[in-house]
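Here's the structure, in structure tokens; my notes come after.
Listed below in structure tokens is the structure:
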């Protein structure tokens with residue numbers, strides 16, 4: 605029979621373009637947020653993090669923006685490369701040390 | 194190796210069997226986490242250890258699931274009377290335990306229950 609599964613939100617971009625991946629988080633009390641990249645068959649890999657007392661943080665080719673008013677997080681990737689193709693997850697620290705993950709976005713970079 | 198190591202990488206078992214999944218965290222990391230990831234979904238929290246004790250086991254779905262970390266390093270996730278719905282990738286992560294935030298994940302153990 606037909607398998608039933610969730611369909612990830614997808615984003616398809618051309619190589620060299622900038623990518624913006626969005627995430628809505630659930631808990632206004634969350635104090636820490638993190639973006640992970642996950643390639644097929646591998647574990648999640650850290651990209652960048654941000655604390656709730658900040659609204660922007662930059663890394664190498666990546667920027668995270670935090671809007672606490674609307675509980676929104678975004679990841680911007682500059683000059684997207686084929687190696688950036690993966691599923692991207694945002695996660696929030698809601699209580700103690702546990703991270704709660706969002707649903708993920710499949711990024712495809714076309715050469 | 195320097196990263197989180199999980200064994201086995203793949204496990205196929207029959208419904209009703211008992212399964213153990215092992216995690217070797219990064220040396221010196223006091224915090225250890227187990228997550229479960231189903232196809233197309235984000236990792237779902239199961240349990241968190243600080244040292245030898247389970248600081249938060251609220252994510253374990255039922256009493257068929259149990260995890261231990263007797264010496265504060267290696268951890269074993271144990272699943273009794275496996276069901277087809279237990280099929281997933283089980284991810285282990287560790288962190289220094291200083292609430293710095295970042296979790297370092299292993300490659301996961303893919304469990305398939307037939």
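Chains as they are written, first to last, in this note's numbering: chain Y, 605 to 715; chain E, 194 to 307.
Think of the CB as a built atom: it goes at the ideal place given N, C-alpha and C, for glycine as much as any other residue.
At the 7 Å Cβ level, is residue i part of the contact set with chain E, yes or no?
| i | result |
| --- | --- |
| residue 635 (chain Y) | no |
| residue 653 (chain Y) | yes |
| residue 661 (chain Y) | no |
| residue 679 (chain Y) | no |
| residue 641 (chain Y) | no |
| residue 675 (chain Y) | no |
| residue 672 (chain Y) | no |
| residue 715 (chain Y) | no |
With DSSP as the reference, label residue i as helix, strand or coil.
| i | result |
| --- | --- |
| residue 687 (chain Y) | helix |
| residue 217 (chain E) | strand |
| residue 209 (chain E) | coil |
| residue 279 (chain E) | helix |
| residue 696 (chain Y) | strand |
| residue 273 (chain E) | coil |
| residue 661 (chain Y) | strand |
| residue 642 (chain Y) | strand |
| residue 674 (chain Y) | coil |
Is the CB of residue i under 7 Å away from at least one CB in chain Y?
| i | result |
| --- | --- |
| residue 249 (chain E) | yes |
| residue 284 (chain E) | yes |
Sort the options by Cα distance to residue i and report the nearest one.
| i | options | result |
| --- | --- | --- |
| residue 275 (chain E) | E:202, E:198, E:201 and E:209 | E:209 |
| residue 682 (chain Y) | Y:713, Y:709, Y:657 and Y:614 | Y:713 |
| residue 648 (chain Y) | E:299, E:303 and E:307 | E:299 |
| residue 243 (chain E) | E:258, E:262, E:306 and E:302 | E:262 |
| residue 639 (chain Y) | Y:633, Y:645 and Y:628 | Y:628 |
| residue 270 (chain E) | E:278, E:247 and E:307 | E:247 |
### Message
Taking beta-carbon pairs under 9 Å, can you tell me which members of the region 208-236 of chain E lie near chain Y?
### Response
224, 226, 228, 230, 231, 232, 233, 234, 235 and 236
### Query
Taking any Cβ of chain E, which residues in the region 693-710 of chain Y have a Cβ under 7 Å from it, in chain order?
693, 697, 700, 701, 702, 703, 704, 705, 706, 707 and 708
### Query
Relative to chain Y, which residues along the region 286-306 of chain E have a C-beta separation below 7 Å, given in chain order?
292, 294, 295, 296, 298, 299, 300 and 301
### Task
Return the residues of the region 238-267 of chain E that lie within a Cβ-Cβ distance of less than 8 Å from chain Y, sorted by chain order.
238, 241, 243, 248, 249 and 252
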